[in-house]
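Colleague: Counted from 1, the sequence shown has number 334 at position 335 by numbering that gives the first Met the number 0; the numbering is strictly sequential.
Here a beta-carbon is modelled for each residue, glycine too, at the ideal position from N, C-alpha and C.
For reference, the structure I am asking about is given below.
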Amino acid sequence: MGNMWGFFENINEIVYVADIETCELVYMNKKAMEVFSIGSLEEVKGKPCYQILRGGDAPCTFCGRCGSDKGCFEQQYYHRHLDRHFLLRSTLLTEGGRRCRLEMALDISDHEQQKSMVQSVQNLEAIINEGLRVALLEETPDQSLEVLLAYLGKALQGGRTYIFEKNAEGCDDNTYEWTAPGVRPEKENLQNVPPEVCASWYRNFSIGGHIVINDLEDIRDNDPLQYENLKQQDIHSLVVVPLYDDGRIIGFYGVDNPPVKSLEYTSNMLQTAAYFIVSSLRRRNLVRELEKRSHNVLYALNVDYLGIYQVDFTTDTCQIYRENEFRGKNQPVSFAESYQTAMEWYISRYVVPRDQERLRMVTKKEYILAQLKTKNKFFVRYQVKDNAPGLKNLEIHFSVTGNGAEEQSAIFAFRDVNALVEQEERYKSEARQSLEDILEGARTGIWTIELEEGCEPRMYADRTMRMLLGAPQEIEPEECYRRWFENIAPDYVDMVQDAVREILERGRSEVVYPWNHPELGKIYVRCGGIPDRKFKKTGISLNGYHQDITEIMVTRKKQEQAIMELLEKVRRANSAKSEFLSHMSHDLRTPINGILGMLTVMDRTREDPGRQQDCREKIRVSAEHLLSLVNDVLQVSKLESGLPAAVEEGFDLEDTLQDCITIMFPHAEEAGIRLALEADIRHSRLIGNPLHVRQVLTNIIDNGIKYNRRGGSVSIQARELSCQDGSAEYEFVIKDTGIGIGEEFQKHIFEPFTQEDHGARTHYNGAGLGMSIVKKLADQMGGAVEVESRIGQGSVFRVRLSVRVDAGGEERPMNREAEAPGDISGMRVLLVEDNEVNCEIVKFLLEQAGAAVATANDGKAAVDAFRASECGAFHCILMDLMMPVMSGFEAARMIRGLDRADAGKVPIIALSANAFEEDIAMAKDAGMDEHLAKPVDMGRLFQVMRRLRNDCQAY
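Shown next, in the form of structure tokens:
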């Protein structure tokens, strides 16, 4: 209702709005507050209107009539305190979900004036109400806007009504138009109107004004550019009002050539209807955005399927969800026309002969429906003939539709499983080829013993078995048996013979016994076997294995001890896991609870701007804390993996130290802690990982601030201990006046998820990961960290790092990007992001910074948009990495490979939640210039965009 209130603020009559049920005042205009000597609306808002307006203690007798009447009513009323006669006109409206009475009090002392004003208000109200009513009956926002423009044009007796909107280039587009009969349409001629044409209008809009031109000749000298523009359209007079969306000017709308005597009336009419027009434009934009972003979800989820269909067996037709060209462009019948005919053509044309009959059987209607009655899905694997795409092994999958009303329907899809089948065959072949090598490595021999009647026992041994027996390769079977049997430890002979009988009776057996090796002495053997049922001679034959388990037996106690230690580690790991979940449950829920709570407070204090601002600040702080916790957990996980730091770059140690102070100063200032830095450094230019150095120091400083007392201090001393062989050794001493650390806890301070006092989790934010990260980073950089502390006397941390000196450091340009302004105004940006919310946020912030933004919701759409644009149309591409249809990596490679002048040099910046160094390396390999982690630091993004554009212009 903001525009309606604005209208009433500018009339010289008393207007007020009160709740129908409670009679509480909702609104009074400036005139009303002046007449009744009220300083501000807040003094009377929410109080009974009869008390404020006439000093009464009960509602007026005519209030009930307004609540029961469907339309308006009027009442003449004498106000004895003011000694004035008024004509009261009341109507119903809804404000903030409340049914209210809007009452206008017209002073009728001068009857002619009263008559004229009443007539004007009646006309204005009737026209607005009827126009909005008719427009709201339309199905789409576009239709609503066209109907309203026509209605306003006729009511205001204008020649043309129109809406202009700002486009991405900062020009004005005439997007909607109505013209009276005989008036020439101008919409097609008024596209991309240069900003300088309407510049004076927008300056007026920016201070809350609007445009009224009584006679075009009045602006000939002051605004010649606009004068020529309007003169070409045969415009003599006009009224134009701005369109605001959340305080931002998005365009304007107006009427040409209305009667000059009604220009003020026309201005009020247009301002009153502006809110509806902005609301319709916003709704139109939302509809268009949803249409643009809609995509084939089924395609995205089933990229490995060659075709996906839904068959209706009652009509023998299919609905095609996805289809590739494998089956050929010259297919006589498509699945959309006839399932059975198309399937038969496909089987005959592509399937190998041995699989054709089987596939015909399983693709028949009766078989499919019978199978799907007992299970939700099934598939059949088959092979196809040689073809250009190189397909060989395929599967056809059938599944129910999930709709009980579609019992005669099914979903079917063709899937390429060639890689899977080849992998299975490769595994089988490799397994056969390596079996003997595996057995040898496991010191397991394979044997066959034949106990034929009338013959000596024979043992046939493989290569490994002969090696384990210490027998030559050419040993005879009889000698081989004797060597084995005679070297069994005498006390175990009966056990071995019992195992043989068990093999014959039960089909298998295993026994462990000592065996006397001719070279190695006593070894331990695990021996087992099964009967050979295929033995044709008189007697028996056994097949089995002979494994040397000496090492196992000798080391059994060590293994048992190792198992016990492992169990203890598992117990500790489970305990640490439980403690981690408990800690993270608390630490994650705390900011989440704060965010949800503040959102609830915001919902209940919509009319309190101060409270709203306070809630937004607390939500931001909670969100930043939540992000910090997630970053710490990810950092620990990365460091636990043991991967070395890949970053090696030139940096200035003094700058890094100053950065630490700059980063931590707001935190220290808020906590009332004094920071002090002393540095004694001879070699400042180094080569290493400045991010890790900064993270080590800021984590320690952060703890010094967090666990300190107001009025305390944290001092940082940096000194160079030595420099030799191109490397310098530095010592960083961070001393605080905080609560101190107990001697026992100092042994565990660098373990993750540990805090000395669990109550500290309430009084001090943190998950107990900071010091663990410090230790792991210091170790990774080949350094060391030590702590000295006593309860109540503060702590001293000493960090020693050895860093390579940059011999050519003086010639290297310093990286001052953090100090460079991030002005991106005028830049044209292609934003590639599949998440609607993320896209909306980044697009809004970019546009707020003055950039023109085009969007694409996947990598393929980005490539198409860039290919379709003119050379140099985009100054920068912001690319998400993980997207459906085509990833950001692939999209970047395709853009770089396009045959156009700007394809190789247009800056591409990766925006991704995957922020590990390997992700950054993959982005660089794909041709991207920079990688920024989500959530995006917009200031950093603007700086990078500006730097890359400057670099691009330099070439």
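1. Going by DSSP in three states, GLY782 sits in which element: helix, strand or coil?
2. To which residues of the same chain is MET937 closer than 7 Å at the C-beta, ignoring the five residues directly before and after it?
3. Starting from HIS78, follow its DSSP beta bridges and name the residues at the other end.
4. For PHE312, which residues from the same chain have a beta carbon less than 6 Å from its beta carbon, with the 5 sequence-adjacent residues on both sides left out?
5. So, is SER721 buried or exposed, given that buried needs 16 or more other C-beta atoms within 10 angstroms?
6. Alpha carbon to alpha carbon, how far is LEU229 from ILE19? Give it in angstroms, no decimals.
7. Buried or exposed: HIS545, going by 16 or more other Cβ atoms within 10 Å of its Cβ?
8. Would you call VAL553 buried or exposed, if buried means 16 or more other Cβ atoms sit within 10 Å of its Cβ?
9. Go ahead and label GLU12 buried or exposed: buried means 16 or more other beta carbons lie within 10 angstroms of its beta carbon, across all protein chains shown.
10. Excluding the five sequence neighbours on either side, which residues of its own chain have a C-beta within less than 6 Å of the C-beta of LEU358, listed in chain order?
11. Which of the three DSSP states is assigned to SER398 in this structure?
12. Taking 8 Å as the threshold (C-beta atoms), are LEU829 and ALA850 in contact?
13. Under 8 Å: do the segment 882-902 and the segment 859-870 share three or more Cβ pairs, one atom per stretch?
14. Are the CB atoms of VAL211 and LEU136 within a distance shorter than 8 Å?
15. Measure from the alpha carbon of TYR161 to the alpha carbon of each residue in LEU151, VAL836, GLN558, PRO193, then state which is nearest.
16. Could you tell me whether the Cβ atoms of TYR512 and TYR491 are closer together than 8 Å?
17. Under 8 Å between the Cβ atoms of ASN702 and GLY769?
18. Apply the 10 Å Cβ neighbour rule to GLU102 and answer buried if 16 or more other Cβ atoms are within range, or exposed otherwise.
19. Let me know the secondary structure DSSP gives LYS46 once reduced to three states.
20. Provide the residue span of the beta strand (DSSP E) that contains LEU931, from first to last.
21. Mapping DSSP to helix, strand and coil, what is PRO184?
22. Would you mind giving the Cβ-Cβ distance between GLY469 and PRO517, rounded to the nearest angstrom? I have them listed as a contact below 8 Å.
23. In terms of residues, what are the limits of the alpha helix (DSSP H) holding GLU509?
24. Which first and last residues belong to the alpha helix (DSSP H) in which ARG866 is found?
25. Would you call the segment 264-271 and the segment 229-246 touching, i.e. three or more CB-CB distances under 8 Å?
26. Cα separation between LYS44 and ARG79?
27. Across the segment 199-206 and the segment 172-185, are there enough close Cβ pairs to call them in contact, namely three or more that are closer than 8 Å?
28. Under three-state DSSP, which class holds THR340?
29. Under 8 Å by Cβ, that's how I've got GLY527 and GLY543 pegged, so tell me the actual separation to the nearest angstrom.
30. I'd like to check one pair, THR265 with VAL277: are the Cβ atoms closer than 8 Å?
31. Please classify PRO476: does DSSP put it in a helix, a strand, or coil?
32. How many angstroms separate the CA atom of GLN74 from the CA atom of TYR26?
33. For my contact list, ASN392 and ASN417 are in at a C-beta cut-off of 8 Å; report their separation, rounded to the angstrom.
34. At which residue ranges does the segment 534-564 contain complete beta strand (DSSP E) runs of 3 or more residues, listed in the order of the chain?
35. Please state if the CB of GLY793 and the CB of GLY737 are separated by a distance shorter than 8 Å.
36. Does the distance from the C-beta atom of ASP106 to that of PHE85 stay below 8 Å?
Modeller: In short:
1. Walking along the sequence shown from the start, residue 782 turns up at place 783. Secondary structure of GLY782 (DSSP, three-state): coil.
2. As a first step, residue 937 is located in the sequence shown; it is residue number 938 there, counting from the start. So the qualifying residues of the chain are LEU844.
3. For the purposes of this step, residue 78 is taken as residue 79 along the sequence shown, with counting starting at 1. Looking at the DSSP output, HIS78 sits in a beta bridge with ARG83.
4. The residue given as residue 312 occupies position 313 in the sequence shown. Annotation for PHE312: LYS364, GLN407 place their beta carbon closer than 6 Å to its own, counting only its chain and skipping 5 residues before and after.
5. By 1-based counting over the sequence shown, the position of residue 721 is 722. The C-beta of SER721 has fewer than 16 other C-beta atoms within 10 Å across all chains shown, which makes the residue exposed.
6. For the purposes of this step, residue 19 is taken as the residue at position 20 of the sequence shown. For the purposes of this step, residue 229 is taken as the residue at position 230 of the sequence shown. Whole-angstrom Cα-Cα distance: 48 Å.
7. Start at 1 with the first residue of the sequence shown, and residue 545 comes out as number 546. Answer is buried; the Cβ neighbour count reaches 16.
8. Here residue 553 refers to the residue found at position 554 of the sequence shown. By the neighbour-count rule (16 or more Cβ atoms within 10 Å), VAL553 is not buried but exposed.
9. By 1-based counting over the sequence shown, the position of residue 12 is 13. Around the beta carbon of GLU12, a 10 Å sphere encloses 16 or more other beta carbons of the protein chains shown; the residue is thus reported as buried.
10. One-based indexing of the sequence shown puts residue 358 at position 359. The answer, listed in chain order, is ILE346, VAL350, TYR381.
11. For the purposes of this step, residue 398 is taken as the residue at position 399 of the sequence shown. Strand, per DSSP.
12. Against the sequence shown, residue 850 aligns to sequence position 851. Against the sequence shown, residue 829 aligns to sequence position 830. No. Outside cutoff.
13. Judged by Cβ distances under 8 Å, the segment 882-902 makes contact with the segment 859-870, as three or more pairs qualify.
14. Within the sequence shown, numbered from 1, the residue matching residue 136 stands at position 137. Within the sequence shown, numbered from 1, the residue matching residue 211 stands at position 212. For LEU136 and VAL211, no; Cβs fall outside 8 Å.
15. Position 162 of the sequence shown, counted from the first residue, corresponds to residue 161. Minimum Cα distance to TYR161 is reached at LEU151.
16. The count along the sequence shown starts at 1 and reaches residue 512 at position 513. The count along the sequence shown starts at 1 and reaches residue 491 at position 492. Cβ distance < 8 Å, so TYR512 and TYR491 count as in contact.
17. The residue labelled residue 702 in the question sits at position 703 within the sequence shown. The residue labelled residue 769 in the question sits at position 770 within the sequence shown. Their beta carbons are under 8 Å apart, which means ASN702 touches GLY769 by this criterion.
18. One-based indexing of the sequence shown puts residue 102 at position 103. GLU102 comes out buried.
19. By one-based count along the sequence shown, residue 46 stands at place 47. Looking at LYS46 - three-state DSSP - the assignment turns out to be coil, as it is neither helix nor strand.
20. By 1-based counting over the sequence shown, the position of residue 931 is 932. Segment 929-932, the beta strand (DSSP E) holding LEU931.
21. The count along the sequence shown starts at 1 and reaches residue 184 at position 185. PRO184 sits in coil when the DSSP states are folded into three classes, being neither helix nor strand.
22. Position 470 of the sequence shown holds residue 469. Position 518 of the sequence shown holds residue 517. About 4 Å separates the CB atoms of GLY469 and PRO517; that is less than 8 Å, so the two are in contact.
23. The residue given as residue 509 occupies position 510 in the sequence shown. Per DSSP, GLU509 belongs to no alpha helix (DSSP H); it is in the beta strand (DSSP E), 508-516.
24. If you number the sequence shown from 1, residue 866 lands on position 867. Looking at the DSSP string, the run of the alpha helix (DSSP H) that includes ARG866 is 858-867.
25. Per the Cβ contact rule, the segment 264-271 is in contact with the segment 229-246 (3 or more Cβ pairs under 8 Å).
26. The count along the sequence shown starts at 1 and reaches residue 44 at position 45. The count along the sequence shown starts at 1 and reaches residue 79 at position 80. Distance between the alpha carbons of LYS44 and ARG79: 23 Å.
27. These segments do not touch.
28. Start at 1 with the first residue of the sequence shown, and residue 340 comes out as number 341. Three-state DSSP puts THR340 in a helix.
29. As a working mapping, residue 527 is identified with position 528 in the sequence shown. As a working mapping, residue 543 is identified with position 544 in the sequence shown. At roughly 6 Å, the Cβ-Cβ gap stays under 8 Å, so GLY527 and GLY543 are in contact.
30. To locate residue 277, count along the sequence shown from 1; it is residue 278. To locate residue 265, count along the sequence shown from 1; it is residue 266. Judged by beta-carbon spacing, THR265 lies beyond the 8 Å limit of VAL277, meaning their Cβ atoms are not closer than that value.
31. Looking up residue 476 in the sequence shown gives position 477. Assignment of PRO476 by DSSP, reduced to helix, strand and coil, places it in the helix class.
32. For this step, residue 74 is matched to residue 75 along the sequence shown. For this step, residue 26 is matched to residue 27 along the sequence shown. Using only the alpha carbons, I get a separation of about 20 Å.
33. Here the question's residue 392 lines up with position 393 in the sequence shown. Here the question's residue 417 lines up with position 418 in the sequence shown. Confirmed, Cβ separation roughly 5 Å.
34. If we require 3 residues or more, the beta strand (DSSP E) runs fully inside the segment 534-564 come out as 538-547.
35. The residue labelled residue 737 in the question sits at position 738 within the sequence shown. The residue labelled residue 793 in the question sits at position 794 within the sequence shown. Against a cut-off of 8 Å, the Cβ pair of GLY793 and GLY737 comes out as a contact.
36. One-based indexing of the sequence shown puts residue 106 at position 107. One-based indexing of the sequence shown puts residue 85 at position 86. In contact: ASP106 and PHE85 (Cβ atoms closer than 8 Å).
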